[in-house]
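Only one structure is covered here, and it is reproduced in the block below.
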Amino acid sequence: MKSLRLALIGIGIAGLAGGAISLAIAASSDHAEDVQIGAVVFTPLIGWSFIGTGLFAWWRRPENRIGALMTAVGFVWFLASLITSDVPGLFAIGGLFSALPYALLLHMLVAFPTGRLETRWQRILVGVGYFDTTVMQVLGVLFLDTTDPDVCTSCPGNPILISDQVVASGIAYGLQALIGIFGLSGIGILLVRRWRSASSAIRSALTPVLLVGVLTAFLLGLSLIGDIAGFPDGTGEDVIDILGAAAMASVPFAFLIGLLHSRLSRATAVSELVARLGEADRRQGMRDALAEALGDPSLSLAYWVPEQGRYVDAAGHAVELPARDGSTACTPVEHEGRPVAMICHDASLDTEPELIGAVGAAASLALENERLNVELRARVEELRASRARIVQAADEERRRLERDLHDGAQQRLVSLALNLRLASSKLDKDPAAAKALLEETTAELGEATSELRELARGLHPAVLSDRGLRPALEALAGRAPVPVELGEPPAERLPPAVESASYFVVAEALTNVARYAEATHAEVSVTRANGQVEVEVSDDGIGGADPAAGSGLRGLADRVAALDGRLEVISPEGEGTVVRAVIPCG
Amino acid sequence: MSRTVLVVDDHAGFRARAQLLLEAEGYEVVGEAADGKTALAEAARLRPEVVLVDVQLPDLDGFDVASRITGDGDAPAVVLTSSRDWSDSAELIVRSGARGFVPKDQLSGATLEELFR
């Protein structure tokens, strides 16, 4: 920072000296009235005002290129003023540089307020400006005999004259003016569009700059048209040149006002925001206050919920951050180093990262408070969703039960009834057939009984309620199609809800092992430590299980969550699956 | 008393038992069908007096079959049957045009005959 200040002071001193030299040369010039660089009196004034305001902007916003550009305009302006010199070499340098300040000025206008050229058209038009004021300018100078009385009455000779080709020089200057007029028109359109699409906060900073900038460009364009077409009488050209020079001199002050304005509006925005935050009611109040402070009605807020690892809106619903598509951008807000929220705003506000930063910083405490509220809402929302899922799961379970009963035991009992009736009708006439029917019926009765038993155990295993977790898990392990190694479960009885949840975690996990894992072996462990029960089922199968894909694991997660526990599934492709539930158990 | 019957059910076991049971009591089972569409075709072809239809079929359900079969004047009588209990749904049964409902486990020539008295 200190070295920047020293460098800027050095540049400032050089600027003062440059202006003084320019003034001295103009004052001693024999031909100052003949050269087309506006009124001589404006020259040092214009140069100094660009350098002075440029250095100020450079110092206050070192990351912004506008300050450097403004300073450059001032120095090039002094170089251009060498055209008033009577020394042929200096005179020629002045001639070569006399158009370049306008290209720099237009570059600055287009790049305001960020200092960057953002779009292709901006780069093309600014590029055309530099081409027109360098290459075309050199072409013109090479063929211009400055001692020709038609060109200049008392100018020194042109030391880089190739040959005295008035026609060639005229064509080069005419072409230069033509390109200039088209370039200026394009830039005019660009600037008007920019102004119309800008947010109100930026518009207030843009307005003075664009007004003066467009006026200068317009006068410059008029003077170029005059160069080609000629003015009806001699005075018109002088007036326009003087007006142009005056407009040019006011440009840096317009830039300064623009920069100060955005600074002022930032201070105002922040103080208004702080005042509003005190009275803002919750939820939308926060968003509205920020939207107003940043002048962006489309602004939206997304709060970070670390527990769920995602962003939610003010109501606690999960939200996707908008894609960075050029129309919307998001700026993170932190509080004490932790992420709090994202402010998603119109991309045009990206030109004022400091404004968003200041507003975000001012609001960070309020945002953190609101984030805590939102986190609570998100948790309620998650509870609501899991409650709905539990009800839905219960419904599905009842439907499945009805279907199982109907397809299984009920069908068997129906055919039993029919068989018995048939047997009794045959008892007299065909006792052998009746006996066969009765035997068939007895076998079917056995199957019906075992199906009902299976169904009842699926509902709730009696061994679990009667004898506890260990024998229930032993029975599960015994029925599994792959060898299951069962660790030593807690010998004491656990609360019924914990026993049930643990049992069903193991049952579901072993069912999945049998169905999908292609495993050769599985391990089950249930341990109790530090006030919680940890249930773990691991296998050596193919892995790749997705807990979100099936309803089984999802339902288990809800069941475990209902006990304030959590369920995790670790299942890397090809490396087996681990299902782990941790359930508090005081 | 020897009524002709078409038995419609997707369980072959039930069709076989129903045939044995009904024929033991003097009915003549003239055909069977495993789904609703076949049932409609067979009913038109065989012109039985009674069509015994399970409520739950793989394509149409028994109520649809009943309302399509009983459309014209001399159509066969449709008797619905199921192992589920539909006896609470009298209105549904009447609207379908069926003659009545017999729970599967109570199927016999006698219970059928009651519906024709």
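Protein chains in written order, with the numbering used here: chain P, 1473 to 2058; chain H, 24 to 140. The C-beta atom is built at its ideal place from N, Cα and C for all residues, glycine as well. Remember, predicted model here, so these are calculated numbers, not experimental data.
Helix, strand or coil for Ala2001(P), going by three-state DSSP, please let me know. Counted from its first residue, the first sequence places residue 2001(P) at position 529. Here Ala2001(P) sits in strand by DSSP.
What are the residues that DSSP puts in a beta bridge with Pro2056(P)? Along the first sequence, one-based indexing puts residue 2056(P) at 584. In the DSSP output, where bridge partners are listed per residue, Pro2056(P) has Gln2004(P).
Could you check if Arg38(H) is buried or exposed, using at least 16 other CB atoms within 10 Å of its CB as the buried criterion? Translated into the one-based positions of the second sequence, residue 38(H) becomes position 15. Classification for Arg38(H): buried.
Grouping DSSP H, G and I as helix and E and B as strand, with all else coil, what is Ser2010(P)? To locate residue 2010(P), count along the first sequence from 1; it is residue 538. In the structure shown, Ser2010(P) sits in a strand (DSSP, three-state: E or B).
Residues in the same chain with beta-carbon distance under 6 Å from Gln1508(P), minus the five sequence neighbours each way, listed in chain order, please. As a position in the first sequence, residue 1508(P) is number 36, starting the count at 1. Confidence at Gln1508(P) is low in this model, with a pLDDT of 48, below 50, so its placement is unreliable and the value that follows should be read with caution. So no residue of the chain qualifies.
Expected contact under 8 Å - CB spacing of Gly2048(P) and Asp2012(P) to nearest Å: Taking the first residue of the first sequence as 1, we reach residue 2048(P) at position 576. Taking the first residue of the first sequence as 1, we reach residue 2012(P) at position 540. About 5 Å separates the two Cβ atoms, so the contact holds.
What is the rounded straight-line gap between the Cα of Arg118(H) and the Cα of Ser90(H)? Looking up residue 118(H) in the second sequence gives position 95. Looking up residue 90(H) in the second sequence gives position 67. Between Arg118(H) and Ser90(H), the C-alpha separation is close to 8 Å.
Suppose you measure from the CA of Val78(H) to the CA of Ala1989(P); what does that come to, to the nearest Å? As a position in the second sequence, residue 78(H) is number 55, starting the count at 1. As a position in the first sequence, residue 1989(P) is number 517, starting the count at 1. Distance between the alpha carbons of Val78(H) and Ala1989(P): 40 Å.
DSSP has Tyr1783(P) in a bridge; who is on the other side? Position 311 of the first sequence, counted from the start, is the residue given in the question as residue 1783(P). Trp1776(P).
So what's Arg140(H) in DSSP terms, helix, strand or just coil? By one-based count along the second sequence, residue 140(H) stands at place 117. Looking at Arg140(H) - three-state DSSP - the assignment turns out to be coil, as it is neither helix nor strand.
Span separating the alpha-carbon of Asp1938(P) from that of Pro1968(P): In the first sequence, the residue the question calls residue 1938(P) occupies position 466. In the first sequence, the residue the question calls residue 1968(P) occupies position 496. Distance between the alpha carbons of Asp1938(P) and Pro1968(P) is about 11 Å.
Below 8 Å CB to CB, which residues in the same chain sit around Ser1836(P) once its five sequence neighbours on both sides are set aside? Walking along the first sequence from the start, residue 1836(P) turns up at place 364. Cβ within range, chain order: Val1805, Glu1806, His1807 and Val1812.
When the Cβ atoms of the stretch 1683–1692 of chain P are set against those of the stretch 1658–1667 of chain P, are three or more pairs found closer than 8 Å? yes
By how many angstroms is the C-alpha of Asp128(H) removed from the C-alpha of Leu1885(P)? In the first sequence, counting from the first residue as 1, residue 1885(P) sits at position 413. In the second sequence, counting from the first residue as 1, residue 128(H) sits at position 105. Spanning the two alpha carbons is a distance of roughly 8 Å.
Would you call the CB atoms of Ser1743(P) and Arg1759(P) closer than 8 Å? Numbered from 1 along the first sequence, position 271 holds the residue referred to as residue 1743(P). Numbered from 1 along the first sequence, position 287 holds the residue referred to as residue 1759(P). It is not a contact, given that the beta carbons lie outside the stated cut-off.
Asp2018(P) classed as buried or exposed, judged by whether at least 16 other C-beta atoms fall within 10 angstroms: Here the question's residue 2018(P) lines up with position 546 in the first sequence. By the 10 Å Cβ count, Asp2018(P) comes out exposed.
My output table needs one value for Phe1569(P): the three-state DSSP class, helix, strand or coil. For this step, residue 1569(P) is matched to residue 97 along the first sequence. If DSSP states are grouped into helix, strand and coil, Phe1569(P) belongs with the helices.
Residues that Arg1893(P) contacts on chain H, provided the C-beta gap is smaller than 7 Å: The residue given as residue 1893(P) occupies position 421 in the first sequence. The answer, in chain order, is Leu44 and Ser131.
To the nearest angstrom, how far is it from the Cα of Leu1527(P) to the Cα of Met1814(P)? On the first sequence, position 55 is the one that residue 1527(P) refers to. On the first sequence, position 342 is the one that residue 1814(P) refers to. Approximately 35 Å between the Cα atoms of the pair.
Range of the contiguous beta strand (DSSP E) that encloses Phe124(H): Reading the second sequence from its first residue, position 101 is the one you call residue 124(H). Here the beta strand (DSSP E) through Phe124(H) covers Gly123 to Pro126.
Thinking C-alpha only, which one of Ser1501(P), Asn1536(P), Pro1534(P) and Leu1495(P) is nearest Leu1517(P)? Within the first sequence, numbered from 1, the residue matching residue 1517(P) stands at position 45. Minimum Cα distance to Leu1517(P) is reached at Leu1495(P).
Cα-Cα, which of Leu115(H), Pro126(H), Val102(H) and Ser106(H) is closest to Val28(H)? Taking the second sequence and counting its residues from 1, the one referred to as residue 28(H) is at position 5. The shortest Cα separation from Val28(H) among Leu115(H), Pro126(H), Val102(H) and Ser106(H) belongs to Val102(H).
Against chain H, does Ser1887(P) count as a neighbour if the rule is that its beta carbon must be under 8 Å from one of theirs? For this step, residue 1887(P) is matched to residue 415 along the first sequence. Yes, its Cβ sits closer than 8 Å to a Cβ of chain H.
Shorter than 8 Å from the beta carbon of Ser1770(P) to some beta carbon of chain H? Within the first sequence, residue 1770(P) is the residue found at index 298, counting from 1. Closer than 8 Å: no.
Beta-carbon contacts of Tyr1775(P) that lie in its chain and below 6 Å, excluding the five residues immediately before and after: Sequence index remark: in the first sequence, residue 1775(P) carries index 303 (1-based). So the qualifying residues of the chain are Val1784, Ala1813, Arg1843 and Val1846.
To the nearest whole angstrom, what separates the beta carbons of Thr1803(P) and Pro1794(P), a pair I think is in contact under 8 Å? The count along the first sequence starts at 1 and reaches residue 1803(P) at position 331. The count along the first sequence starts at 1 and reaches residue 1794(P) at position 322. Their Cβ separation, rounded to whole angstroms, is 12 Å, which puts Thr1803(P) and Pro1794(P) out of contact at 8 Å.
Using a Cβ-Cβ distance cut-off of 8 Å, determine whether Gly85(H) contacts chain P. What you label residue 85(H) is simply residue 62 of the second sequence in a count that begins at 1. No, because no Cβ of chain P sits closer than 8 Å to the Cβ of Gly85(H).
DSSP has Ala1994(P) in a bridge; who is on the other side? By 1-based counting over the first sequence, the position of residue 1994(P) is 522. Paired residue(s): Val1956(P) and Asp2011(P).
Cα separation between Ala1928(P) and Ala1915(P)? Indexing the first sequence from 1 puts residue 1928(P) at position 456. Indexing the first sequence from 1 puts residue 1915(P) at position 443. For Ala1928(P) and Ala1915(P), the distance between alpha carbons rounds to 20 Å.
Please say whether Glu55(H) and Ser25(H) have beta carbons closer to each other than 8 Å? The residue given as residue 25(H) occupies position 2 in the second sequence. The residue given as residue 55(H) occupies position 32 in the second sequence. Contact flag unset, no.
How close, in whole Å, do the beta carbons of Arg40(H) and Leu1894(P) come, if the pair is a contact with beta carbons under 8 Å? On the second sequence, residue 40(H) is found 17 positions in, with the first residue counted as 1. On the first sequence, residue 1894(P) is found 422 positions in, with the first residue counted as 1. Yes, they are in contact, since the Cβ atoms of Arg40(H) and Leu1894(P) sit about 7 Å apart, within 8 Å.
Beta carbon of Leu1936(P), beta carbon of Ala1944(P): below 8 Å? Indexing the first sequence from 1 puts residue 1936(P) at position 464. Indexing the first sequence from 1 puts residue 1944(P) at position 472. Yes, these two residues count as a Cβ contact at 8 Å.
Under 9 Å Cβ-Cβ, which residues of chain P neighbour Gly36(H)? Looking up residue 36(H) in the second sequence gives position 13. Result: Gln1883 and Ser1887.
In the DSSP assignment, what are the bridge partners of Ile1815(P)? Against the first sequence, residue 1815(P) aligns to sequence position 343. Partner(s): Leu1773(P) and Thr1803(P).
Measure the alpha-carbon distance for Val31(H) versus Val73(H) and round it to whole angstroms. By one-based count along the second sequence, residue 31(H) stands at place 8. By one-based count along the second sequence, residue 73(H) stands at place 50. About 11 Å.
Hey, how far is the Cα of Leu1888(P) from the Cα of Leu1873(P)? Reading the first sequence from its first residue, position 416 is the one you call residue 1888(P). Reading the first sequence from its first residue, position 401 is the one you call residue 1873(P). Going from the Cα of Leu1888(P) to the Cα of Leu1873(P) covers about 21 Å.
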